[in-house]
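Chains as they are written, first to last, in full-length UniProt numbering: chain A, 1 to 358; chain B, 1 to 288.
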């Protein structure tokens, strides 16, 4: 159990700067998720925490202890790799014992710990097998076990679910969160999957271009994305982002067609500016014609059971930008229909800087 | 023709082709075997490689060769020569592989100045025939007073076996995912421990092949041995074999018997080492 701080982390590989002044502040015992598209620097950041790469600038602290220059083995961490990285020539038992043996743990303690972990992860019957004789899910559990058995202060996860099939992924995701809660250690988890990010994180870091775009609780980031990147990255289906002129008539602000009803929430509104209007598909409600803020001309309807994902373009949009609304299935929207929509909540971003106007 | 008839015909045709290929490659070997166990010393061409007057005399003569020393004592010459070959070959393989492993690992995993040039240089040495270096090697060994010694021969063989061994092992190390070493280092290993406990065991099949290759190259080498050795007590087996085919007297029967005796250790070694070469040992550790 340890708090993790990273201060002004810069990482360069030759001429290429991968991380540009990243700050992390992860409380003791928290589950932190680093999420971002590929190439955003999240895996590099994790490898810096592990000590597998050296920072070009900046400091890493585990609790009060500075670890920036320490070798991986001196950091009291365990890591679960995307590839699992099980030692192929060792049985599952030997894989689990590897770290303990290196630390000269006595045989009785080792047996007891391996037994506990094997029971916890339901791999007791696999202990004498070689990794090649295990299924993907079993290998994943062994990799988890190898991390847990050492009782480290910090767990690092590098996309540990990306090699599992979707059904298993959901189950293992829940297991990982359960184990985190039981063990009480701090976890840092890297993923490009926003569902994993939203569901697992206590603290979420959205990374892009080697910088932290936003840090916070997942729901806060979802509700109030700081910029267009974060707005578009989190949420499924993704937020609709449309360029529109911002106009004012008395107290009434409009972004293109759409009335900005809670203008008081936006502190940085300027009339006649170009803005990006952000509308989450789930923040749109089908309504009567008189109440409508927008009209969606339906092109494709996808049925997902409880709801419909309705693809189309907005009436009056000369650029015919693709637009998505998530509507209840009972509406039975048809292709070619024009659906009046009420905006429940909207986001506004500066068209030039792409920063939120809140 | 029914499908099963066609399958049968295809099977017969395939077996015929395979049998012909096997006969083609085995025929000379059978011929040597037949010659080795034949009583007559004549070298008449026989279509069927079957020994005439089967006997073990040739084998006995080759294996039982002795030499009387100046002090009157007798030594078992063939035993000594066999030992020369085995000691020199094992030492060559051990020294060559021991030097090649860390070199290859460095080429596979680390960035350093001269990495690309170094690898090319190593490969370039492979382009010169061994005989090109025979004279300088002779002079060097003479200066070091290592002519007619096993040590001298091992030094020459090991130095020539290293480049190829490095080349082979580098590919093997490159094929091992770096995740494995990193996992070991996070688990508490130093870089060296990760190498020793994870990389080396995973690379064992490749190391076994490299070892075997270095051994066989040294065991079969003739030109350098013939140049650097002139005392029959220091001979390796290829030199011994060659001596049966003299300028005036060609003892093909002894040559054939010798060839068979000489092949036995290699076959034994091959049988032993192939257990380590079991494919798929490295599979399954990381998801591909």
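For each residue, glycine too, the CB sits at the ideal point set by N, CA and C.
- Burial of residue 225 (chain A) is indicated by the presence of at least 16 other C-beta atoms within 10 angstroms of its C-beta.
- For residue 350 (chain A) and residue 271 (chain A), the gap between their C-alpha atoms comes out near 12 Å.
- Between residue 251 (chain A) and the set A:149, A:186, A:264 and A:257, the nearest pair of CA atoms involves A:264.
- The beta-carbon of residue 104 (chain B) is placed no less than 9 Å from the nearest beta-carbon of chain A.
- Neighbours of residue 182 (chain B) across chain A, judged by C-beta separation under 9 Å: 47, 50, 52, 72, 79, 81 and 85.
- In this structure, the beta-carbon distance from residue 260 (chain B) to residue 50 (chain B) does not fall below 9 Å.
- Within the same chain, and ignoring the five residues on either side of residue 260 (chain A) in sequence, the residues whose Cβ sits closer than 6 Å to its Cβ are 253.
- Annotation for residue 60 (chain A): 6, 67 and 68 place their beta carbon closer than 6 Å to its own, counting only its chain and skipping 5 residues before and after.
- Residue 276 (chain A) carries a strand assignment under DSSP once its states are collapsed to helix, strand and coil.
- Counting only unbroken stretches of 3 or more residues, no beta strand (DSSP E) element lies wholly within the segment 79-113 of chain B.
- Sequence-distant Cβ neighbours of residue 111 (chain B) in its own chain, meaning closer than 8 Å and more than five residues away, do not exist here.
- One finds 188 in chain B with Cβ atoms closer than 7 Å to the Cβ of residue 103 (chain A), taken in chain order.
- Residue 81 (chain A) carries a coil assignment under DSSP once its states are collapsed to helix, strand and coil.
- Residue pairing of residue 31 (chain B) in beta bridges, as defined by DSSP: absent, with no partner found.
- If you look at residue 38 (chain B), you'll find it isn't in any beta strand (DSSP E); DSSP assigns it neither H nor E.
- By DSSP's assignment, residue 216 (chain A) forms a beta bridge with A:204.
- Excluding five sequence positions before and after residue 65 (chain B), the CB atoms of its chain that fall closer than 6 Å to its own CB belong to 77 and 78, given in chain order.
- Here the alpha carbons of residue 197 (chain A) and residue 176 (chain B) stand approximately 31 Å from one another.
- Remark: fewer than three beta-carbon pairs, one from each stretch, lie closer than 8 Å, so the segment 300-319 of chain A and the segment 6-16 of chain B are not flagged as touching.
- Non-local beta-carbon contacts of residue 345 (chain A) in its own chain, meaning distances under 6 Å to residues more than five positions away in sequence, involve 283 in chain order.
- Across the structure, residue 266 (chain A) and residue 116 (chain B) are spaced so that their CA atoms are roughly 59 Å apart.
- Within the same chain, 39 come within 8 Å of residue 57 (chain B) by CB-CB distance, once the 5 residues on both sides are set aside.
- Residue pairing of residue 328 (chain A) in beta bridges, as defined by DSSP: A:307.
- For residue 274 (chain B), no chain A residue has a Cβ inside 9 Å of its Cβ, as the nearest lies near 18 Å away.
- For residue 179 (chain B), the chain A residues whose Cβ falls inside 7 Å of its Cβ are 81, 83 and 85, in order along the chain.
- By the Cβ rule, the segment 177-193 of chain A counts as touching the segment 155-162 of chain A, because three or more pairs are nearer than 8 Å.
- Burial check for residue 276 (chain A): the Cβ neighbour count within 10 Å reaches 16 or more, so the residue is buried.
- Straight-line spacing of the CA atoms in residue 86 (chain A) and residue 131 (chain A) works out to 7 Å.
- Only residues of its own chain outside the window of five on either side were considered, and among them 201, 202, 203 and 204 have a CB closer than 8 Å to the CB of residue 217 (chain A), listed in chain order.
- For residue 138 (chain A), the enclosing alpha helix (DSSP H) begins and ends at 136-148.
- Residue range 4-13 is occupied by the beta strand (DSSP E) that includes residue 9 (chain A).
- The three-state secondary structure of residue 156 (chain A), taken from DSSP, is strand.
- For residue 216 (chain B), the closest Cβ of chain A is not nearer than 9 Å.
- Secondary-structure assignment with DSSP links residue 61 (chain A) through a beta bridge to A:5 and A:66.
- By a beta-carbon distance limit of 8 Å, residue 240 (chain A) contacts residue 279 (chain A). Their separation comes to about 5 Å.
- Looking at the DSSP output, residue 26 (chain A) sits in a beta bridge with A:4.
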